[in-house]
Every structure is written in structure tokens, then in C-alpha cells.
Amino acid sequence: MLRTRQRFGKYIIQCRLAEGGFAAVYRAMDTIEGVRVALKVPHPHLMTDSMLTTFKHEARLAAKLDHPNILQLKNADFIDGKFVLVTPLSETSLESRLQKRLATRTALDYSLQLLEAVSYAHEHKVVHCDIKPDNLLLFPENQLQLADFGIARVAHRTLQCSGSGTLGYVAPEQAMGKPSFRSDVFSMGIVIYRMLTGVLPEWPYQWPLQGFSRLKDRVTEPMVTLLRRATSADCSDRYANAGQMLTAFRRIKKPLVSEMGKSSKSSKSSKSTKRSGGSDGGHRWQLLRRQEFQKEYGKILETRCSCSKCAGPVSEAMLACPWCGTDRKVLPDVTRFPICCPRCNRGLKADWPYCPWCYGTGFELETKRTYTDRRYTARCTNKKCTRKSLMPFMRYCCWCRHRVKRKWKIENSPHTCHGCGWGIVSEYWSFCPWCETRTRDN
């Protein structure tokens, strides 16, 4: 056990946050970076070779899964003979937050983030096996992150593991030692049900579950149907994986939020002020819509910049603001790339001989080194091109200056601009950011 104010490598222990059957978690100060972190340290008497393998497995999975709603691993190391996992420090856990009533909108927001995290894990063939409020950490601005992949399993054609997990959230088949993607679906359904009702359902999970009347009062019938399917005791009746459940949730979430707004006096007032224009209520509604957009599309589109006129979220690749139509052919923002194009002010990687965002002469490279990047997802069609790798929304090949003929689409959005054919998010945007065409009236 580590003591308060103890020096532990480059860390100073501040307090013990939690203790479980396998490990203790401490809050500590990183004396080099000057930030508070969480240290997960296995109990010494349990550190057998098999347990060390389990914690190394957790570290490797955490390093593999790169998603804004999955807790990132800062470091994994041996310090003073102890194996330690270092992660960012959260404000609290969902379990602690659930000691107080949770607003329906907040519960739905957390639900979406949870589904996106587990969907990403399932896409990478990882079954978490222990989804519960204790493993859902909350950060500033209501960001939720899924933690503790210690008993997660990588899915093969057949997936076998012990009946691990936490009773109350573990699926019946997982308790029998046969977990699958559907087991995580069940656990998510139970977590979401508890967020919406304040009640943790019990075996045999026959509907209507405990707290059902509260659920009906807070959400619409499609949401009830979704949770009923997700928490079915028969795994064959559930969604096959988190991706399917996420798709179903997204289909019903917007009408659900809209219906909630219609039944709320404050929302009615907000909508009327929005129609009259220029009010504080309309501004709040605009902020909520943009926050929702960022949660759905921010990572996909890399909308890290803000429009200089309306402050709407935009990306470096956009030639116009999709919210107000302001011209962005010359980028006013600071780029995240190491070099800037002198013509359009957009970012360049050090090994690109040409700017992929605007047409013009090439640049003399300062390095012969080549860099890989996970954002390379497409290929140049020029047969003479030597590298070919392209990032989304490039207009010209960064290796040969060949014009990209591909009509770039946006993941999770089926809509395209009638002007240029590129993908747009019509439920949010008023303008096409690629060709400046108006997509709808404000």
C-alpha cells in the first residue's frame, strides 16, 4: 500500500481513490508534467505471473483503442518493483454521480458516449466484459470515458472466458462463462436503464422491470423498446453488437429529445425566443446543437477550429464555414501540422512536397524522412504517384499534385451536396463547407 505524500518514481501520492479486488487506485501529482494523474497499482500479494499478464493485457488494449470516450493510458511501467498503470485523473465516476438524480438529457448524452466507446471497441474485436458505472469516468464538460479493460477479451471465432464481470450488470450467458458482443450490449442496457430510472434491475430480467413506470414517464416508446431488446435475458434477442445498438439509438435520440422539449415549458420558451432571433435562449439552443454536432462528428471531421464570425466548429480542410457560409479559403486559425502552406495557411506534414488543400508550386523538403499517419485512408489514382496515401478531404495529392477526383463522404451521414457531391451533415449545416453552396435556409 502506498502512503500519502510518499514519493513514488516521479509521482507524489496524494490520496487513495479506490480499492478493488485486484488493485488500488491513487491520486498522484506528476512532478515532471505538473498534472494530477491516477495510478492503478495491483495488490502485491496478487502479483503472480498470470496477474501480471492480465495487467499487461489491459495496458496493450488501452494503447490499441484510441477513442475520445475510452480512457487513454499515459504510461505503463515498473516503479520501485511495482507494476503501475497511469491514466488521466477524472472528476468522478458515473457510480458516484448516480447517487443524485440525473437529468434525462444528461443520461441520454452519457448513453450516446458509452455506446460510441463500446462500438469502437467492438469494431476492434474487443469485448469489455465489465461495463458498469464504476468503470465509466466523468471528465469536464460531461465527457464520459470507459475504463478498466483488465478482463476484456479479444474476440475470435469462438470467445471463451470465465464468468468475469460485476453482478448486477453481467449478462446471463457471461455468468455461465460464454461472453460475446451481446454481453456488452446487455450491460450497457442495464447501465442506461439505471441512469434513466435510478433502479438497478434484478434477475430474471422479465419485463416490465423494476422502475418501469419511471422509464415510461421520461422517455418515448421507441427508447423503451430499445432498452427492452438490449436487456433481454435471451442473448439471441439482443442487438448483435454495440454498433447496431448505437445505430438504433441515434435514430430515436433526436425525435426523443425533440419530444422532451415540446413537453417542457422552458424548451417552449427557448424555441419561441429562437424564432424571434438574437435572444439568450436562442444562443443556448445554438450552443446545444453545436455540442451535439461535435459529439457526433467532431472526431470524424477533426473540427478543432472555430469560425471567426459565428464561432461554429470547423476543420482545416473546409473552404467555408458550414454554419454561416464565411469564406475560409485562407485559413485564419493556427494549424496542428508542423508546417504551414504560405498560400492558404493550412497545415502540411514535413514530408509533403505539395499542399493538398490548394493548387500551386511545390516545396523544398527539409527532411528525407517519411512519416506514417493513421489518417491516410485513401489512395491517389495517378499511376505515376510514388506514395499515393491520402487523408480525407484532400483536394490534391500531397505527393504528386494530381487533382483528387474522389467525392469525399462523411461517415455516419448519408447526405451529399447537390453542388459538388461531397458529404455534408444537412441536419446541422446551412452551407456546404467544400464548395460554399447553401444547403438549407437558416
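Its first residue numbered 0, the sequence shown is counted upward by one per residue in numbering that gives the first Met the number 0. Where is the CB? At the ideal position from N, CA and C, for every residue including glycine. Remember, predicted model here, so these are calculated numbers, not experimental data.
- DSSP, read as helix, strand or coil, puts Gln285 in helix.
- Of the residues Gln144, Ala349, Tyr204, Leu214, the one whose Cα lies closest to the Cα of Thr196 is Leu214.
- Excluding its 5 nearest sequence neighbours in each direction, Leu245 has C-beta neighbours in its own chain below 7 Å: Leu114, Glu115, Ser118, listed in chain order.
- A straight-line Cα-Cα distance of about 20 Å links Ala239 and Lys252.
- If you ignore the 5 residues before and after Asn134, its C-beta comes within less than 6 Å of the C-beta of Ala146, Asp147, all in its own chain and listed in chain order.
- Between Pro321 and Trp428, the C-beta gap is smaller than 7 Å, which places the two residues in contact.
- Asp29: member of the beta strand (DSSP E) spanning 22-29, first to last residue.
- Distance between Leu287 and His42, taken at the CA atoms: about 44 Å.
- Separation of the CB atoms of Gly422 and Ser412 is rounded to 6 Å, and the pair is thereby assigned contact status at 8 Å.
- When Leu199, Ala102, Thr30 are compared, the shortest CA-CA separation from Gly167 is found for Leu199.
- When Thr105, His66, Asp183 are compared, the shortest CA-CA separation from Gln144 is found for His66.
- Under DSSP, Phe77 shares a beta bridge with Phe82.
- Annotation for Lys39: the continuous beta strand (DSSP E) segment containing it runs 34-41.
- In this structure, DSSP gives Ala17 an extended state, which the three-state scheme calls strand.
- Within the same chain, and ignoring the five residues on either side of Lys63 in sequence, the residues whose Cβ sits closer than 7 Å to its Cβ are His123.
- Straight across, the Cα-Cα distance linking Arg378 with Ser314 is about 21 Å.
- In the DSSP annotation of this structure, the continuous segment of the beta strand (DSSP E) that includes Phe138 starts and ends at 135-138.
- Per the coordinates, the alpha-carbon of Val40 lies some 53 Å from the alpha-carbon of His401.
- Its chain contains Ala232 as the residues whose beta carbon lies nearer than 7 Å to that of Pro203, once the 5 sequence neighbours on both sides are disregarded; these appear in chain order.
- Excluding the 5 residues flanking it on each side, Asn344 has same chain C-beta neighbours closer than 7 Å at Val329, Leu330, in chain order.
- The C-alpha of Cys309 lies about 13 Å from the C-alpha of Arg327.
- Distance between Val218 and Phe21, taken at the CA atoms: about 38 Å.
- In this structure, the beta-carbon distance from Leu88 to Ala37 falls below 7 Å.
- Counting every other CB atom within 10 Å of its CB across the protein chains shown gives Glu426 a total below 16, marking it as exposed.
- Under the DSSP assignment, Leu70 falls outside any alpha helix (DSSP H); it carries neither an H nor an E label.
- When Glu32, Phe430, Ala106 are compared, the shortest CA-CA separation from Met317 is found for Phe430.
- Residue pairing of Leu143 in beta bridges, as defined by DSSP: Leu137.
- Non-local C-beta neighbours of Pro391 in its own chain, meaning closer than 8 Å and more than five positions away in sequence, comprise Ala316, Arg374, Thr376, Ala377, Trp407, ordered along the chain.
- CA-CA distance, Phe211 to Thr3, rounds to 45 Å.
- Annotation for Thr52: the continuous alpha helix (DSSP H) segment containing it runs 48-63.
- Here Ile31 is exposed: its Cβ has fewer than 16 other Cβ atoms, across all protein chains shown, within 10 Å.
- Within the segment 172-255, the runs of alpha helix (DSSP H) that reach at least 4 residues and sit entirely inside it are, in chain order, 180-196, 211-217, 220-229.
- DSSP, reduced to helix, strand and coil, places Phe292 within a helical segment of the structure shown.
- Going by beta carbons, Glu172 and Cys128 fall outside the 7 Å limit.
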